[in-house]
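In this note's numbering, each residue's number is its place in the sequence shown (first place is 1) plus 445. Beta carbons are placed, not taken as given, at the ideal position from N, Cα and C, and that holds for glycine. In what follows, a structure is listed as structure tokens, so that the remarks can point back to it.
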Amino acid sequence: MISSLRHDVLIAGGGPAGATLAIELAQAGQGAVLIERSREAQHKVCGEFLSPESLPLLRRIGIHPAALGAQTIRSLRIAARDVLAEVVLPAPALALTRYTLDEALLQRARQTGASLLRGYTVEQLAPLRERDLCGGWQARITDVSHASMEIQGREAFLATGKHDLRGWARAADGAQNTLVALKMYFVLTREQQAELAGHVELILYPGGYAGLQPVEDGRANLCALITRKKLQQVGGGWGRLLEHMMRSSPHLARRLSGAVPLLERPLALSSIPYGYHAQELYEGPTPWRIGDQAAVIPSFCGDGMAIALHTAHRAAELYLEGATPAVFHEEIRRRFARRLTFATALSRLVIRMPALVHVVRLWPPVLAEIFAATRVPGTTLHAIGD
Ligand SMILES: Cc1cc2nc3c(=O)[nH]c(=O)nc-3n(C[C@H](O)[C@H](O)[C@H](O)COP(=O)(O)OP(=O)(O)OC[C@H]3O[C@@H](n4cnc5c(N)ncnc54)[C@H](O)[C@@H]3O)c2cc1C
């Protein structure tokens with residue numbers, strides 16, 4: 446039920462970014478309305494690695510992934526045909542399904558006093574003309590029966606993640622957007638579960654890479670990326686992709702031997718604009734962009750959620766100080782552009798010239814260097830339980 450049609454802040458999208466912003470603004474006494482199109486918890490295409498720098502950001506808003514069943518990840522393995530190198534993470538990470546995490550965030554938003562409109566899609570977002578309401582924003586939202594209504598707010602935040610809102614598409618020039626992502630849960634054999642425990646594994650194969658790691662309830666998440674072209678070459682479809690990955694990587698074939706897939710079909714996503722960061726493109730008022738609407742880092746970094754949490758936190762701080770979206774977007778550019786460029790170049794290189802990864806066999810410390818160079822700046826690392 447919508448209690449009021451006029452709010453301080455409209456937030457489109459209730460993923461990690463939108464929910465975090467709603468929590469922080471509600472805690473600061475702002476009337477935030479969070480509009481999320483899913484009606485209930487859902488699986489999302491994601492490696493589900495919660496990087497060390499995302500953990501203090503979650504704790505700050507009252508989310509404790511370990512209490513939700515998250516698995517501890519202490520080291521990163523990189524494997525091509527077989528394991529090339531292993532590096533202990535600078536601080537432990539966690540792995541938790543988005544099904545669990547995103548729902549916990551939405552519940553927390555509700556608890557802290559944000560209005561949550563669940564099952565509503567933002568169809569349109571437009572600045573109000575001054576004569577209507579001294580500035581401000583109007584959103585047209587629809588429910589599942591396509592009934593539509595309008596709500597207004599003084600400020601608007603775009604947190605629709607991978608999905609662009611009509612009229613506010615991200616400028617993804619120069620982004621790496623040729624990859625298709627597919628995700629599946631498996632129950633591995635006991636022996637393979639034991640070998641994987643405590644590790645995230647990055648598996649490289651011609652045309653792409655995949656992350657494999659344990660999540661809660663004895664499951665393992667395999668999240669694979671491959672270029673559209675290579676996917677077609679290997680015959681298209683999940684079965685053919687799996688064959689291609691396992692043929693190229695005996696390591697992965699061993700992990701998946703005897704494994705039971707848990708979803709009827711994998712979840713899929715395409716046209717992800719890796720390397721994108723927010724820019725001021727539109728004349729006149731613009732909404733604030735947070736999470737994937739602010740910056741998209743290649744998935745092998747496992748830091749997209751940390752960026753979502755961090756950008757939501759900084760946007761809340763700056764909004765409460767009276768700053769404009771332009772100031773915030775410029776800060777994002779300054780903080781992230783170099784890391785995004787580096788990580789995206791690396792992603793392109795590894796996919797084009799997979800043999801390059803053998804450098805890590807010859808010089809394993811390079812893995813730790815790469816991990817450090819692709820982290821979210823401005824966050825501190827703490828041990829789990831701090
Ligand atoms: C293949 C892959 C693997 C990844 N692996 C990792 C990883 O291991 N670790 C990590 O940290 N990051 C990972 N990421 C990145 C991570 O998933 C994103 O960075 C993160 O989800 C961004 O959060 P967000 O809140 O901005 O967007 P999202 O999580 O996409 O949430 C957006 C929300 O908005 C809602 N929505 C969309 N449109 C509308 C609308 N019009 N109206 C209302 N609601 C709407 C959606 O339902 C969704 O709930 C991965 C990404 C990909 C593609």
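### Query
Would you say residue 518 and residue 540 are within 8 angstroms of each other, going by their C-beta atoms?
yes
### Query
Roughly how many whole angstroms lie between the Cα atoms of residue 665 and residue 454?
38 angstroms
### Query
Taking 7 angstroms as the line, does the beta carbon of residue 674 fall inside it for any heavy atom of ligand 1?
no
### Task
Taking only the alpha-carbon atoms, compute the straight-line gap between residue 904 and residue 758 and give it to the nearest angstrom.
The first residue shown for the chain is 446 and the last is 831, placing residue 904 beyond what the model contains.
### Message
Across the region 514-531 and the region 637-647, are there enough close Cβ pairs to call them in contact, namely three or more that are closer than 8 angstroms?
### Response
yes
### Task
Select from 514, 466, 602, 529 the residue whose C-alpha is nearest the C-alpha of residue 553.
466
### Query
Per DSSP, which one or two residues make a beta bridge with residue 517?
539
### Message
Suppose you measure from the CA of residue 640 to the CA of residue 724; what does that come to, to the nearest Å?
### Response
44 angstroms
### Message
Taking contact to mean 3 or more Cβ pairs, one atom from each stretch, closer than 8 angstroms, check whether the region 699-719 and the region 581-590 are in contact.
### Response
no
### Task
For residue 537, count neighbouring Cβ atoms within 10 angstroms of its own Cβ and tell me buried if that reaches 16, exposed if not.
buried
### Query
Are the Cβ atoms of residue 462 and residue 796 separated by less than 8 angstroms?
no
### Message
My parser needs the beta strand (DSSP E) runs of 3 or more residues fully inside the region 605-675; what are they?
### Response
624-632, 644-650, 653-659, 665-672
### Message
Please return the same chain residues whose Cβ sits closer than 8 angstroms to the Cβ of residue 710, not counting the five positions on each side in sequence.
### Response
683
### Query
Just how far apart, CA to CA, sit residue 490 and residue 638?
22 angstroms
### Status (buried if at least 16 other CB within 10 Å, exposed otherwise) for residue 446
Any reading at residue 446 must be qualified, since the residue scores a pLDDT of 45, below 50, and its modelled position is unreliable; the value itself is stated next. Looking at its Cβ environment, which holds fewer than 16 other Cβ atoms inside 10 Å, residue 446 is exposed.
### Query
Where does residue 756 land, buried or exposed, given buried means 16+ other C-beta within 10 angstroms?
buried
### Query
Which of helix, strand or coil does DSSP assign to residue 721?
coil
### Message
Let me make sure I understand the geometry here. Which of 532, 599, 689, 502 has the alpha-carbon closest to that of residue 475?
### Response
599
### Query
What is the DSSP secondary structure of residue 426, reduced to helix, strand or coil?
Any property of residue 426 remains undetermined from this structure, which presents the chain solely from 446 to 831.
### Query
Three or more C-beta pairs closer than 8 angstroms, one from the region 747-755 and one from the region 492-507: is that the case here?
yes
### Task
For the beta strand (DSSP E) containing residue 452, list its first residue and its last residue.
451-457
### Query
If we count Cβ pairs, one from each stretch, closer than 8 angstroms, do we get three or more for the region 481-488 versus the region 555-566?
yes
### Query
In the structure shown, what three-state DSSP assignment does residue 710 receive?
coil
### Task
Would you decide whether residue 605 is buried or exposed? Buried here means 16 or more other CB atoms lie within 10 Å of its CB.
buried
### Query
What did DSSP end up calling residue 816 once you bin it into helix, strand or coil?
helix
### Task
Within 10 angstroms of the Cβ of residue 464, are there 16 or more other Cβ atoms? Answer buried if so, exposed if not.
buried
### Message
Within 10 Å of its beta-carbon, does residue 744 have 16 or more other beta-carbons around it, so buried, or fewer, so exposed?
### Response
buried
### Query
Which residues mark the beginning and the end of the beta strand (DSSP E) in which residue 585 is found?
582-587
### Message
Please classify residue 629 as buried or exposed, where buried requires at least 16 neighbouring CB atoms within 10 angstroms.
### Response
buried
### Task
Please report the residue range of the alpha helix (DSSP H) in which residue 775 lies.
770-797
### Message
If I measure Cβ to Cβ from residue 593 and keep anything under 6 angstroms in the same chain, skipping five residues before and after, which residues do I get?
### Response
585, 587
### Query
In angstroms, rounded to a whole number, what distance separates the CA positions of residue 609 and residue 636?
43 angstroms
### Query
Is residue 482 near ligand 1, going by C-beta to nearest heavy atom under 7 angstroms?
yes
### Task
Check whether the Cβ atoms of residue 704 and residue 633 sit closer than 8 angstroms, and answer yes or no.
yes
### Query
How many Å lie between residue 573 and residue 580 at the Cα?
5 angstroms
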